[in-house]
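J.: First, the structure itself, so that you have it in front of you.
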Amino acid sequence: MAARIGFYICHCGINIAGMVRVDEVARYVSELENVVVSKDYKFMCSDPGQEIIEKDIKEHGLNRVVVASCSPRLHEKTFQSVCSRSGLNPYSLQMASVREQVSWVTDNVDTATAKAKTLSHAAVNRVNFHEELEQRTVTINPDILIVGGGISGMQAAIDIGKSGLKAYLVEKDTTIGGHMLQFDKTFPTLDCAACIGTPKMVETAQNNNIELFTYSEVQEVSGYIGNYTVKIRKKARYVSDKCTGCGECEKVCPVLLPSEWDVGLKERKAVYRSFPQAVPITYCIDKRAQAPCRLSCPARTNVQGYVQMVKAGEYQQALNIIMERLPLPGTLGRVCPHMCEDECRRAAIDSPVSIRELKRFAADRGDLSKVPFEMGDAGDRRVAVIGSGPAGLTTAYYLRRKGYDVTIFEALEKAGGMLRTGIPDYRLPPDVLDREIDNIIEKGIELKTGQVLGEDFSIKELKDQGFDAVFLGIGTHVPSKLNIENEDTDGVEDAVLFLKRMNLYTSTDIPAENVVVVGGGNVAMDAARVAVRAGASGVTIVYRRTESEMPADHEEILDARAEGIEFIDLASPVRVLQGDGGKLKLVCIKNTLGEPDKSGRRRPVPIENSEFEIECGMIIPAIGQKVDTEKIIRDTDIALTGWGTFEIDDTTMQTSEPGVFAAGDAVTGPATVVEAVAAGHKAVAGIHGYLTQGDQPDENDLEPSGKVQNREFVPIPENEPPGKRETPVKTDPETSKRSFDEVSKGLDEQAAVQEAGRCINCGGCCECMQCVQACQPGAVDHGQTDEVIEVKVGSIITATGYDVLDPTPMKPYGYGKYPNVFTNFEFERLSNATGPTGGEIRIRDENNSLTKEPQSVAILHCIGSRDSNFHEYCSRVCCMYALKYAHLIHEKVGHDTRVYNFYIDMRCFGKGYEEFFKKCQEEGTVFVRGKAAEVTRAEDSEDGQLVVVAEDTLLAETIRIPVDMVILCTAMEARKDARETGRILGISQGNDGFYLESHPKLGPLDTATDGVFIAGACQGPKDIPDSVAQASGAASKSLQLATKGEVEIESAISYIDPDICAGCMTCIGLCPYGAIEFDMRRSVSVVNEALCKGCGSCSGFCPSGAAQVRHFKEKQIFAELSGVMDAINNVGI
Amino acid sequence: MNSYHAIGRNSYLDAARSFFKSLLETGEVQSLLVPLRQDRTNDIMPTLVSDPEDTDKADPFSPSFPLNSAKLVSRLTRKKNRKRVAVFLRPCEIRAVVELVKLKQADMENLVIISSDCFSAFPNSVFNTGFREKGEEFTNEYISARMSASFTDDYNGSISEACRICTDPFPGIADIVINPDHSDAKQVTVESKSDAGGHILAQMGLDEAEPPKDGKEKRKKVMEELGRNREETFQSIQEQTADLEKLGVFFSSCVNCYNCRVACPVCYCRECVFNTDVFDHEPLQYINRSQTRGSLRMPSDTMFFHLTRMIHIGLSCVGCGQCANACPNDIPLSGLFMSVADKAQKGFDYTSGGSIEENHPLSCFFEDELNDVTGI
Amino acid sequence: MENFEPRIIAFVCNWCTYTAADLAGTSRKKYPANVRLIRVMCTGMVDPKYILKAFLEGADAVLVSGCHPGDCHYINGNFKARRRMKLLHEILPNFSIPKERLRLTWIGASDGIMFADTIDTMVDQVRKLGPLNEDKRMVI
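Going down the list, the sequences are from chains Y, C and L.
My numbering puts the first residue of the first sequence at 1, with every later residue one more than the last.
My numbering puts the first residue of the second sequence at 1134, with every later residue one more than the last.
My numbering puts the first residue of the third sequence at 1510, with every later residue one more than the last.
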């Protein structure tokens, strides 16, 4: 049936009529097609106005209505319900905004009238094509989510809980309570925040309808009003709810960190609780990113752990921690090149912690036999470990711990591999090595010495003997050649062999003449220093580059020098000459440094005819070693690399031969002990994987626990004074060079504890596991991981609160520079009974501890508020808490204390506020009208440490007021993560960063997203009473929805015409809500009406127009468009 | 993966036909879609051949190009099925298939694409008057001529505009490429360009051959020449359609028959929006509009239709020229659409038919991109 | 040319730019009467056809305006709109419809003043460009 349109233009008093000739517009429209009635009226939205329409609909049988008035965003609903009331579909209405878009923005009556006509014409054209849409309602899930557990969040939760409905309360901190619980007293009534706050906390926790998620964050919200699905990330707390809050863990925890709750004025442990009344009482362990020392250790030793244990005097536990990853603690405590120390973040303050020395200290103090060794069960599987160097020993020890039956085959008479043959006694005393090897063997490992692979037995035989896996840790014991003329003359002996015979005491004779060592690595240093001890009259080291390129550890080089060893650098040997009387001559050529090579070190370039000779009795080349593979290759065809080392799978350490694994120097070529140990661990993982699940190694063998994703290091403490790095006592070179006794004596106890104290605990919790032992209920669980919980709710209340502005950037106020300039929060804690001073207001003394009573205090208002450089808005609460401070200072410190308030305007707007102001004035607080310009150090003439400089705007003169203490009333600002959180919850921010309410006056609790409400300071600066009021308001908003049980939602959603759709599926990819599915049978796309929100991403693309948004169909838009253009053609623009 | 073979017979066509025959005989594919000479009429129409014997009428190299077979490929593959089909396609037809695959209108899973370096085509009108009746001798004659002369030399003015400004006459995505042999007028070289292709050729037991030497230079030369043609054509098109008024003149003979749309391989809509109710206006609207504006050219919405088509297919246009081929009033659509497509595709640095992986520019977006589009 | 009054059609999204326009109104910010707003729920539903239609119906310029990146009420509709506008910017200039005549802007709900200013500038620019000479006989 043809459209019968009624048109109504509103005067809106004079708002429209004052600029638009409404009667003329009405007349113009009356001429248009299908328009039955066209009227103007003073206030269409008023009851009589609405009645006119209703009457016309009945009398003239209208089936379409156009209202030209204010913006549809104001009154569309009003007029739609007029239609409904008169039996028309609400979508039979179209509005033309002739107020916001015409009368209010135009200053010429003719143009305004013309514009009004065009808009009306467009609306009339459009309404012709409107279609009836049925109202869609969805049921409301009665459960409600509250984000933020501050006073607002708690209040909302309690209100909902009391109503008998379910509330989920998510708080990102470890306790609910929020900022309010950090305060001391509350203005103006001065009742203590805790006294009125903690009962709220308890009530929240005890209400059965409230489910608490502390230390949790909302990660994702999907769905729509009434039907939200929320993913909550429950961060690992590492303490289960078995926790009774007894605090035993806290006592034993060695790690001290600044307490966030006390804004850094106090320290807390790594296992902590914000404050005694925290809810829940459950402790929390503060784990951060894994400490760099631990990460940089090839063997992933828990460095921070044992360092803390040394600090705590728990030496045995320190050793236990080391033994978790290092089976040779004393050895590594002496010879490890300590990559950990290179990464140590303490260096940012002074110098790295002497970690290796602490390891040695722990090893020397602890008792190996007391180290726990719980054996797993691996059935009766047998593994043969060939070679007893660090790689072999590690593999054997940890395989044994997994329960394997392990046999070690060692070619020499004594176990230890390079540790024994390569490292001289003065660096690694044999008894230390023996002790640690014995400890490993004692775990039930069979050691067969004098067994040479390829001679006494073969890999094949081992397999025949029933070994399920074989490990090759045969190291590199074949010297590399110098490749120079007669290097085989006797008197030339490679360092490897030389050190071997010296260390094994097979023969220790050596010509009492000059000895030349060729090379710059640790082996060269060892050979040289051994030669010295063996009685060589002089020892010279020849190296082809300069000292700075030497691969040897720096300490080694220094010690060598100290022992009188000479260095000739930039020289390469070219040939050996047979001198007279058995003497040798080493002919060398001088080098310069050329371009850097692959290793990044500049390569030596020989200088033409710069040859020179060195007389000597012995030449010791120390330029590297190779694997001795010849023997092995005989009976197997294990693949080798170009370097002659074993070729292995990097993850499983398996060689080309199934069941045969390899690690250590034999794989990497000559490397460090700790790298061999690390490789051993990988081999253990590989072998275990191979023998159990028969596939990939177990992550945990490679990366033991403590892995925490996406967290940061503990920041480097700012005002930590630089300290001295403890270094070990060493026997003086003159004595040391004469004997093979150990040169370094290590650290003494006091030095060690001192040194351990320098650790800044980058990783937070050090995983020393002391808390695990201390906790009777067994609540501590370091293995805990974040879990994601999904809840379904009908509405969401956002009460995420505010942050406090950090005044550090405001240099003139000297915060961070002068110790006695405090922020308001610091003052709250100072004055709080649970705070650092137990509630006594004290300022910092010479040694920075809070002991002194302030004689005079200045309170500076509007720090960052009402300040165009920071926040233009007023933070609304500062004036009042400033007054509160003034009162508290007088009350607690004494009434003679001088207290000054520097204010711009006193804003005491609330109930009882002005009275409180008066009271404080009477108490003698001095009020200076004028914002403080600067805080400086006092001059001698002035008593007090600080001086506040300000302009007293009443006296119109600059004043200087000396005080002991300055309190900065810093601004309330939006949460740092407000944007991120807002995106998750679908709330936008205003220019000030706070969340935007749907209407500044009439919609303070609603947001742009239906079913998402805001309460408290996340919407703008607020005091407690306002926050609580808003919270109850938001709660009742949510309850409204819940009790109604259903809500009308957008009917204007997408529809895809199956007769037109070509099934290209592009719309499926474009839909932001995954609301379009593909119907395989008809091969067309279909809209899921429950999910569609009507954004039209699909219709914007669909070339055939199969996808259309109802009420915004092409035909309707085109009609509107033509209407506008026709009208413009008629009446001009 | 690339293997080269040669087949020698009495003529190019024979050689090609014997290839198609043995292809079907391998049983690797159930059917073959190939241009085939129709009995009596001599029309060359894509035909789905299943009996190997029927390949003796195949005529893949003829300059006849009655329609873009991509649409047929869509019909053959749109819904999944287990039968495997081989199709002989011109490069522009392959590009169209690729675009249709992205739009879920075709599927390559059971498709074997055979192609050859394209010898260009004549407009239907030209081919049907004078060349069609000459029969298959003409095809051999035509190929020889084209091979000896410059590849792009316009065979006495009969090659269609689209082919003269072709964006790429060499098959990009194909399993097997079969080409007349330069050196020997009686043989074709067969090259496998994919594993599938290689596998199939292996079944056929062809003799190995040397890969053609001059390939690269030839292509380079051809592309340059086509490039020059394109520039000229786009230039003159630009002048003819410099503004909406000129564009109106350009389209003034359009009768809204929508043949161009029907012929277009990438116009994939099942029903064109211009046939939907959006565009069936109330009788009164025509009269009103005529009244407000003095007069109304009918059929109306002509320019709207063509501009919309540019928006819809500009990014997918493969330059096959079938739009022009189909126009009853000889509006030189191919030049215009190809020049617009050129701009559109460059704008998104997108090549229609280039690769399946490349997303259609309007089917995706990034948060941080195209920042020059906004702002005032 | 002096007395030429540009006709500008603006497709604006309900949540940001339309709200901004309302704000311009409530704050009584005057701006040229040359623009006509067509409200859509999201710029993501603006079919390029709408823009062609506007031009062919006699608009001298078209404005499409929505929420700032990241603020889209429908998550990312504005980004899709941006791609479609890009395509139009590649094609329409061929027919002497330069980018100045087809604008895409982000105007947030609180940017009332910005909305008014945008219209100001646009009207000036288009006035300089002069009327868009379209053959209006070929479209309804």
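Ideal Cβ placement from N, Cα and C applies to all residues, glycine included.
1. Looking only at C-alpha atoms, which of Y:Met375, Y:Ile459, Y:Phe1013 and Y:Gln451 sits nearest to Y:Lys443?
2. In whole angstroms, what is the alpha-carbon distance linking Y:Glu915 and Y:Phe902?
3. Could you tell me if Y:Gly1166 is buried or exposed, where buried requires 16 or more neighbouring beta carbons within 10 angstroms of its beta carbon?
4. Quick one: is Y:Glu556 near chain C, going by C-beta distance under 9 Å?
5. Beta carbon of C:Val1406, beta carbon of Y:Glu1114: below 9 Å?
6. Would you list the residues sitting across from Y:Trp261 in a DSSP beta bridge?
7. Check for me: the alpha helix (DSSP H) holding Y:Glu734 runs from which residue to which?
8. Do the segment 235-249 of chain Y and the segment 187-201 of chain Y make contact, defined as three or more Cβ pairs closer than 8 Å?
9. Using beta-carbon positions only, say whether C:Pro1196 and C:Ser1258 come within less than 9 Å of one another.
10. Relative to the ligand COA, is the shortest distance from any of its heavy atoms to the C-beta of Y:Ala833 smaller than 8 Å?
11. Would you tell me roughly how many angstroms separate the C-alpha atoms of Y:Asp350 and Y:Lys724, rounded to the nearest one?
12. Using beta-carbon positions only, say whether Y:Cys969 and Y:Tyr913 come within less than 9 Å of one another.
13. Using DSSP's beta-bridge definition, name the partner residues of Y:Asn514.
14. Compare the Cα-Cα distances from Y:Phe825 to each of Y:Pro836, Y:Tyr8 and Y:Glu563 and report the closest residue.
15. Is it buried or exposed for Y:Trp261, if we count other Cβ within 10 angstroms and need 16 for buried?
16. Where does Y:Arg561 fall in DSSP's three states?
17. Between C:Thr1441 and chain L, is any beta-carbon pair separated by less than 9 Å?
18. Can you tell me whether DSSP reads L:Pro1640 as helix, strand or coil?
19. Entirely within the segment 438-507 of chain Y and at least 4 residues each: give me those alpha helix (DSSP H) ranges in chain order.
20. I'd like to know if C:Thr1409 contacts chain Y, where contact means its C-beta is closer than 9 Å to some C-beta of that chain.
21. Could you give the first and the last residue of the continuous beta strand (DSSP E) run that contains Y:Arg64?
22. Select from the segment 115-127 of chain Y all residues with a C-beta closer than 9 Å to any C-beta belonging to chain C, and list them in chain order.
23. Residues of the segment 1583-1595 of chain L with a CB closer than 8 Å to any CB of chain C: list them in chain order, please.
24. How about C:Arg1442 and C:Ser1433: do their beta carbons lie closer than 9 Å?
25. Who are the Cβ neighbours of L:Lys1538 in its own chain at under 7 Å, not counting the five residues just before and after it?
26. Buried or exposed: where does Y:Cys12 fall if 16 or more other Cβ atoms within 10 Å of its Cβ makes it buried?
27. I'd like to know whether the C-beta of L:Thr1535 is nearer than 9 Å to at least one C-beta of chain C.
28. If I follow the unbroken beta strand (DSSP E) through Y:Glu726, where does it start and stop?
29. Check whether the Cβ of C:Tyr1401 lies closer than 9 Å to any Cβ atom in chain Y.
30. Run through the segment 7-49 of chain Y for me and flag every whole beta strand (DSSP E) of 3 or more residues, listed as ranges in chain order.
31. Leaving out the 5 sequence neighbours to the left and right, which residues in its chain are closer than 7 Å to Y:Ile623 when beta-carbon positions are compared?
32. Does DSSP put C:Thr1322 in a helix, a strand or coil?
33. Give me the Cα-Cα distance between Y:Gly963 and Y:Arg334, rounded to the nearest whole angstrom.
34. Apart from the five residues on each side of it in sequence, which residues of its chain come closer than 6 Å, Cβ to Cβ, to Y:Glu1048?
35. When burial is assigned at 16 or more other CB atoms within 10 Å of the CB, is Y:Val20 buried or exposed?
36. What distance in whole Å lies between the Cβ atoms of Y:Leu165 and Y:Ile196, which are believed to be in contact at a cut-off of 8 Å?
T.: In brief:
1. Locating residue 443 of chain Y in the first sequence gives position 443, where the first residue counts as 1. The option with the nearest alpha carbon to Y:Lys443 is Y:Met375.
2. Indexing the first sequence from 1 puts residue 915 of chain Y at position 915. Indexing the first sequence from 1 puts residue 902 of chain Y at position 902. Near 19 Å, if we compare the C-alpha coordinates of Y:Phe902 and Y:Glu915.
3. Past the edges of chain Y, shown from 1 to 1133, lies residue 1166 of chain Y, and the structure says nothing about it.
4. If you number the first sequence from 1, residue 556 of chain Y lands on position 556. Output row for Y:Glu556: interface = no.
5. Position 273 of the second sequence, counted from the start, is the residue given in the question as residue 1406 of chain C. Position 1114 of the first sequence, counted from the start, is the residue given in the question as residue 1114 of chain Y. Yes.
6. Counting from one through the first sequence, the residue named residue 261 of chain Y turns up at place 261. Answer is none; Y:Trp261 lacks a bridge partner.
7. Taking the first residue of the first sequence as position 1, residue 734 of chain Y is located at position 734. Taken as a continuous stretch (DSSP letters only), the alpha helix (DSSP H) holding Y:Glu734 covers Pro733 to Ser736.
8. no
9. Numbered from 1 along the second sequence, position 63 holds the residue referred to as residue 1196 of chain C. Numbered from 1 along the second sequence, position 125 holds the residue referred to as residue 1258 of chain C. Going by C-beta atoms, C:Pro1196 is not nearer than 9 Å to C:Ser1258.
10. Absence of the ligand COA from the depicted structure is noted, as is the absence of any ligand whatsoever, leaving it without description.
11. Mapped onto the first sequence, residue 350 of chain Y falls at position 350. Mapped onto the first sequence, residue 724 of chain Y falls at position 724. The alpha-carbon atoms of Y:Asp350 and Y:Lys724 are separated by roughly 8 Å.
12. By one-based count along the first sequence, residue 969 of chain Y stands at place 969. By one-based count along the first sequence, residue 913 of chain Y stands at place 913. No, the pair does not count as a contact, with Cβ atoms beyond the cut-off.
13. Here the question's residue 514 of chain Y lines up with position 514 in the first sequence. In the DSSP output, where bridge partners are listed per residue, Y:Asn514 has Y:Gly538.
14. Position 825 of the first sequence holds residue 825 of chain Y. It is Y:Pro836 whose Cα lies nearest to the Cα of Y:Phe825.
15. As a first step, residue 261 of chain Y must be located in the first sequence, where it is residue number 261. Buried: at least 16 other Cβ atoms inside 10 Å.
16. Indexing the first sequence from 1 puts residue 561 of chain Y at position 561. DSSP places Y:Arg561 in helix when its eight states are reduced to three.
17. Against the second sequence, residue 1441 of chain C aligns to sequence position 308. With 9 Å as the cut-off, C:Thr1441 counts as an interface residue toward chain L.
18. Here residue 1640 of chain L refers to the residue found at position 131 when the third sequence is read from its first residue. Coil, per DSSP.
19. 459-464 and 495-503
20. For the purposes of this step, residue 1409 of chain C is taken as the residue at position 276 of the second sequence. By this cut-off, C:Thr1409 is an interface position.
21. What you label residue 64 of chain Y is simply residue 64 of the first sequence in a count that begins at 1. Here the beta strand (DSSP E) through Y:Arg64 covers Arg64 to Ser69.
22. none
23. Asn1585, Phe1588, Lys1589, Arg1591, Arg1592, Arg1593, Met1594 and Lys1595
24. The sequence position of residue 1442 of chain C within the second sequence is 309, counting from 1. The sequence position of residue 1433 of chain C within the second sequence is 300, counting from 1. No.
25. Within the third sequence, numbered from 1, the residue matching residue 1538 of chain L stands at position 29. Here the set comprises Gly1621, Ile1622 and Ala1625.
26. Against the first sequence, residue 12 of chain Y aligns to sequence position 12. Per the 10 Å Cβ criterion, buried.
27. Residue 1535 of chain L sits at position 26 when you count from the first residue of the third sequence. It does not; no Cβ of chain C falls within 9 Å.
28. Locating residue 726 of chain Y in the first sequence gives position 726, counting from the first residue. First-last for Y:Glu726: undefined, no H or E at that position.
29. Position 268 of the second sequence, counted from the start, is the residue given in the question as residue 1401 of chain C. With 9 Å as the cut-off, C:Tyr1401 counts as an interface residue toward chain Y.
30. 35-41
31. Position 623 of the first sequence, counted from the first residue, corresponds to residue 623 of chain Y. Counting only Cβ-Cβ distances below 7 Å, and skipping sequence neighbours, we find Ser480, Leu482, Val518 and Gly519.
32. Counting from 1 along the second sequence, the entry for residue 1322 of chain C is found at position 189. Strand.
33. Taking the first residue of the first sequence as 1, we reach residue 963 of chain Y at position 963. Taking the first residue of the first sequence as 1, we reach residue 334 of chain Y at position 334. Per the sequence shown, the amino acid found at residue 963 of chain Y is Val instead of Gly. So the alpha carbons of these two residues sit roughly 56 Å apart.
34. By one-based count along the first sequence, residue 1048 of chain Y stands at place 1048. Result list for Y:Glu1048: Gln135 and Thr137, in chain order.
35. Taking the first sequence and counting its residues from 1, the one referred to as residue 20 of chain Y is at position 20. Buried, by the Cβ-count rule.
36. Within the first sequence, residue 196 of chain Y is the residue found at index 196, counting from 1. Within the first sequence, residue 165 of chain Y is the residue found at index 165, counting from 1. About 25 Å separates the two Cβ atoms, so there is no contact after all.
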